[in-house]
Structures are given as structure tokens and as C-alpha cells.
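Presented below is the structure to which this report refers.
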Amino acid sequence: MQISFGSGSGNGGGPGFRLPALRSLTSQSFEWTGGPEVSAWIWVAVMLLATLVIPWPYAQFQWPLLERAVPVLWMVAGGVALVCLRVSRASWPFAALIFWAGLRAMYHYFPLRSLQVLLLVLMAGLLYAAARDLTDRGARLAAYAVLAGVGFEAILGAMNAMRLYPWMGWIDPQHIGKPMGMLTHPNYWGSFMALGLPLVWAVLGVPAAILLFLLTLRTISPGPVISAAVGALVMAWPLFGKRVRGAILVIGGASIGTVLTMHEWRLSGRREVWDVAVTEVMRWPILGEGLGQWRQWAEDYNKGIGKFFVTLQAHNEPLQLWFELGLIGVILVGLWAFQAFLAAKTVWSAAPAATLPGPTYLWGRAPLERAWPAVVAVAVVNSLGSPVFHLPAQAMVAMLALARMQADAAAFQSVPTESRSVQRRKKAMRKETVDA
């Protein structure tokens with residue numbers, strides 16, 4: 002099914018261009034391979050703009066020597082555009098988001114904070130695009146590398162739970178006895194463990210995943226416990242029956258309620274900070290205040306009231322996205338999220354739904370294709386109460402999982418499948434056989 006646009010007659014004839022209908026959209030619909038054809042024109046534009054050193058509108062550009070500042074400005078802009086073309090092969094909404102972040106920073110003549118964050122986002126974009134093109138063997142090796150990091154932090158966290166702190170020079174008294182590892186905070190440590198839990202489940206089985214969940218529970222931090230429970234549920238749902246699913250729901254719900262009661266239901270003052278931030282967001286609701294500018298606003302606000310109140314990250318990624326890149330950024334991330342949803346839907350229905358054979362201590366292992374959507378689900382839940390995408394290691398794990406989920410979806414879509422009508426007829430025949 003297609004939707005046609007054009008100048009044809011009333012009966013739908015005539016020239017025009019065609020777009021796939023919503024029902025036929027896939028995650029690959031958001032991957033654009035036409036970048037190399039455009040890159041030459043970006044070079045043409047950059048050379049013209051860099052060599053035509055016109056004072057206006059660079060009067061406020063804070064770098065010295067106009068004849069150097071102008072070429073540097075357009076060199077940065079051209080570099081951002083070319084990286085975006087590479088990223089668009091994996092996701093044009095994400096590439097458009099990076100490009101918009103660059104334009105927004107350019108409007109304010111690239112403040113240092115915006116330039117620093119933009120550089121990190123560009124590197125993350127390149128890593129994400131490279132992860133989309135990994136071979137299955139390369140993806141598995143990358144998963145093992147993540148597990149090595151999770152294992153290292155898990156060992157440190159277990160030692161912290163016993164009040165041992167190797168290589169850690171200073172410990173906040175209120176966090177004594179809680180796992181935190183080299184991430185220095187139980188919330189950040191727990192969020193990282195939650196991201197690793199689906200991979201631990203897939204490679205090492207359910208017993209290892211249970212141990213990791215218990216360690217995460219020891220943080221007494223609601224966000225990590227909630228996201229770890231979600232990750233466990235996503236992993237268990239296609240692999241086990243109603244009893245196991247129900248048990249995970251009950252245990253997860255009880256764990257969340259217990260941690261919230263022991264911690265505090267007011268979420269450590271996050272809601273108060275968010276209320277203040279929403280008022281500030283309304284100054285630039287469409288365009289945002291610029292990439293990385295939450296931190297600058299937080300520092301200025303705290304200085305103005307004479308105490309530390311606003312955290313240097315929002316601990317709510319959608320809110321910080323709206324604050325920094327406005328509704329334009331929110332819409333672009335929404336498209337990127339829709340691409341992820343389509344990929345997850347394909348993998349969910351096509352990936353093998355069975356545990357892998359092995360010894361008892363590895364019971365419950367699952368195909369790695371099942372772990373990637375669970376990691377993405379954990380990242381989404383985490384982002385509502387933790388700065389997941391502002392913690393580089395966690396952001397890299399989430400981006401790897403998303404890219405591999407897209408690659409798996411594309412691989413499954415390339416395999417011929419039966420039509421839905423054939424599937425319905427076979428299902429009806431099986432039901433008739435059972436009834437007979």
C-alpha cells in the first residue's frame with residue numbers, strides 16, 4: 002500500500018512521488034543512503050562561505066581575528082553536516098537532531114559548553130552508525146566487552162555492599178554500604194547494572210541475572226530497580242509462561258514499592274527541580290536554549306539563590322531535551338523513537354523465542370537478539386529519572402543496543418515470510434485440529 006502525491010487527475014493518475022503508507026513503514030524507512038551524493042555540495046558550500054570573509058553576521062563571534070574565525074566557523078559547520086550524512090545511514094532522524102543541535106549552537110556562535118557537547122554527540126553518532134554495520138561476530142564481541150565492564154563494576158559494587166572501597170578515595174556518608182563502584186553514586190551504578198542485566202541474562206543465564214538484580218536492589222535507588230525489573234520482564238515475556246511472568250511482575254512490583262518506601266517517594270527533590278525548569282523552558286519552547294545549556298542555567302540559577310538547588314543534569318532526558326533543543330528536538334527524537342519501536346516490533350515477532358541449552362548454572366540463556374530490545378527498554382525507563390544519555394558509558398551501551406536491534410530487524414525483514422492470510426489460515430487449521 003502506498004500514498005501518492007502529485008498533480009494527477011482525480012482518479013489518481015498522473016506524475017507524482019510515492020511514500021510508503023504507515024502500515025508498510027519499517028525501521029529501514031528511516032535509514033538514508035544518499036549521503037555520498039550530497040557530500041560534494043557541502044564541500045562547495047563550505048569553500049565558498051569560508052573564503053568569502055564577510056564581517057556580517059559574525060560581529061559577535063567571540064574568536065579573535067575575523068579572517069580565521071570565519072573559516073573555522075564554517076569548517077565546524079561543514080564537519081557537522083558531513084558526520085550527519087554518515088549517521089543518516091543508520092537513522093536520518095538522529096542525524097537531523099545532531100544537525101539541528103549544531104545549528105542551534107551556531108546561532109549563539111558556538112559557546113564552549115555547546116561545542117564540547119556537540120563534539121561528544123558527533124562521536125556518539127559515528128559509533129552508532131558503525132554499530133549498525135557490525136557483523137554478528139563483531140556485535141557479539143562488543144556484547145562481551147560490555148559484560149566485562151558490568152562484571153568489573155558488579156565486583157566493586159559487591160565489595161561496597163560489604164563496606165570495602167578499593168581505589169575509592171572519598172565516600173559520601175549517606176551511601177556507605179551501598180554499591181556504587183567507580184561510578185561514584187548508587188543511582189549511576191544501578192542504572193549501569195540495569196542496562197547490563199539483559200545481556201547478562203542472554204549470555205550467562207537467569208541465575209547470574211538474579212544476582213545482578215539483587216545487587217541493584219541493594220542500591221535502594223528507585224530508578225535502577227524499576228528499569229532492571231522492566232528489563233527482566235522484557236527478557237522473560239517471550240521465553241517463559243504465565244507463571245514466570247507473573248512471578249517477575251510480583252517480585253518486581255514488591256521490590257519497587259519497598260525501595261520507594263525506604264528511599265523516599267518524592268524522588269530526591271527531582272520534581273521540585275523539574276517544576277522550576279518547566280518555567281524556564283517556556284522562554285524558548287520551540288527552539289530551546291541550546292545544546293549543553295542546562296548546566297549553564299543551573300549554575301547561574303544556583304548562584305542567584307545562593308545555594309545548590311538545580312542539579313547540573315535534569316535527571317529527566319525528555320525534559321532536558323526540550324530545554325536545550327526545544328520542540329524541534331523533541332519531534333526529531335520522537336521520529337527516532339518510532340524507528341526504534343518499529344525495529345523492536347520486528348525483532349520481538351521474528352527472533353527465536355526459546356532458551357538456549359546449557360548447564361544448570363547457565364539456565365535460561367537467550368539469543369542475543371532478544372537482549373538488545375530489553376536494553377533499549379531499560380534505557381528508555383532510565384531516562385525518565387536518570388541522566389542516561391549524559392553518562393558516556395551508559396549512552397554507549399544504549400546506542401550499541403539500538404543499532405544492533407535495527408541491524409537484526411533488517412536481517413529478519415530480508416527473510417521471506419508467509420503472508421498474514423496464510424498465517425491466519427494455518428492458525429485456524431491448528432485450532433480445528435485441537436478442537437477435534
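One gets the working numbering by counting positions in the sequence shown from 1 and adding 1 to each. Heads up, the beta-carbon is just placed ideally off N, CA and C, and yes, glycines get one too.
Check: Shortest alpha-carbon distance to residue 218 belongs to which of 185, 201, 261, 241?
Finding: 261
Check: How long is the line joining the alpha carbons of residue 76 and residue 47, rounded to whole angstroms?
Finding: 7 Å
Notebook entry, point to check: By the 10 Å Cβ neighbour count, where 16 or more other Cβ atoms means buried, how is residue 93 classified, buried or exposed?
Noted result: buried
Next item on the list: Pick out whichever of 340, 193, 119 has its Cα sitting closest to the Cα of residue 392.
Entry: 193
Item checked: Option nearest residue 414 by Cα separation, candidates 378, 375, 349, 396 -> 349
Check: Where does residue 176 fall in DSSP's three states?
Finding: helix
Next item on the list: Taking only the alpha-carbon atoms, compute the straight-line gap between residue 104 and residue 302 and give it to the nearest angstrom.
Entry: 26 Å
Next item on the list: Give the single residue among 182, 102, 199 whose Cα lies nearest to the Cα of residue 145.
Entry: 199
Next item on the list: Using alpha carbons as the reference points, say which of 404, 346, 50 lies closest to residue 135.
Entry: 404
Notebook entry, point to check: Among the residues of its own chain, which have a CB less than 6 Å from the CB of residue 293, if the five just before and after it don't count?
Noted result: 114, 115, 118
Next item on the list: Provide the residue span of the alpha helix (DSSP H) that contains residue 395, from first to last.
Entry: 393-414
Note to self: In whole angstroms, give me the CA-to-CA distance for residue 353 and residue 410.
What the structure shows: 13 Å
Margin query: Using the Cβ count rule (16 or more neighbours within 10 Å means buried), how would you classify residue 53?
Written below: exposed
Item checked: Residue from 172, 179, 149 whose Cα sits closest to the Cα of residue 163 -> 179
Next item on the list: Alpha carbon to alpha carbon, how far is residue 31 from residue 80? Give it in angstroms, no decimals.
Entry: 22 Å
Check: Expressed to the nearest angstrom, what Euclidean distance is found between the alpha-carbon atoms of residue 50 and residue 100?
Finding: 18 Å
Notebook entry, point to check: Closest to residue 283 by CA distance: which of 155, 297, 328 is it?
Noted result: 328
Margin query: Buried or exposed for residue 287, going by 16 or more other Cβ atoms inside 10 Å?
Written below: exposed
Checklist line | Cα-Cα separation, residue 70 to residue 84 | finding: 21 Å
Notebook entry, point to check: In chain order, what residues of the same chain have a beta carbon less than 6 Å from the beta carbon of residue 220, not counting five sequence neighbours either side?
Noted result: 179, 180, 187, 191
Next item on the list: Would you check if there are 3 or more beta carbon pairs closer than 8 Å linking the stretch 227-236 to the stretch 367-386?
Entry: yes
Item checked: CB-CB length for residue 351 against residue 236, believed under 8 Å -> The pair is not a contact, with the Cβ atoms about 17 Å apart (cut-off 8 Å).
Item checked: CB of residue 378 within 9 Å of CB of residue 345, strictly -> yes
Next item on the list: Output the distance between the C-alpha atoms of residue 2 and residue 27, rounded to the nearest integer angstrom.
Entry: With a pLDDT of 36 at residue 2, under the threshold of 50, the modelled position of that residue is not reliable, and the figure given next carries that caveat. Roughly 13 Å between the two C-alpha positions.
Check: Relative to the C-alpha of residue 189, which residue among 223, 160, 168 is closest?
Finding: 223
Next item on the list: Rounded to whole angstroms, what's the CA-CA distance from residue 173 to residue 278? Just pull it up for me.
Entry: 27 Å
Check: Cβ atoms of residue 201 and residue 148: under 9 Å apart, would you say?
Finding: yes
Check: The alpha helix (DSSP H) spanning residue 389 covers which residue range?
Finding: Counting along the chain, residue 389 falls outside any alpha helix (DSSP H), and DSSP gives it neither H nor E.
Checklist line | Same chain only: Cβ atoms within 8 Å of residue 37, ignoring 5 sequence neighbours per side | finding: 86
Margin query: For residue 333 and residue 154, what's the separation of their Cα atoms in angstroms?
Written below: 34 Å
Item checked: Beta carbon of residue 197 nearer than 9 Å to that of residue 182 -> no
Checklist line | Range of the contiguous alpha helix (DSSP H) that encloses residue 272 | finding: 271-282
Next item on the list: Could you tell me the distance, in whole angstroms, from the CA atom of residue 316 to the CA atom of residue 322?
Entry: 11 Å
Item checked: Residue from 359, 171, 73, 156 with nearest C-alpha to residue 110 -> 73
Next item on the list: Might you give, ordered along the chain, the residues of its own chain that have their beta carbon closer than 6 Å to the beta carbon of residue 239, omitting 5 neighbours on each side?
Entry: 354
Checklist line | DSSP state of residue 238 mapped onto helix, strand, coil | finding: coil
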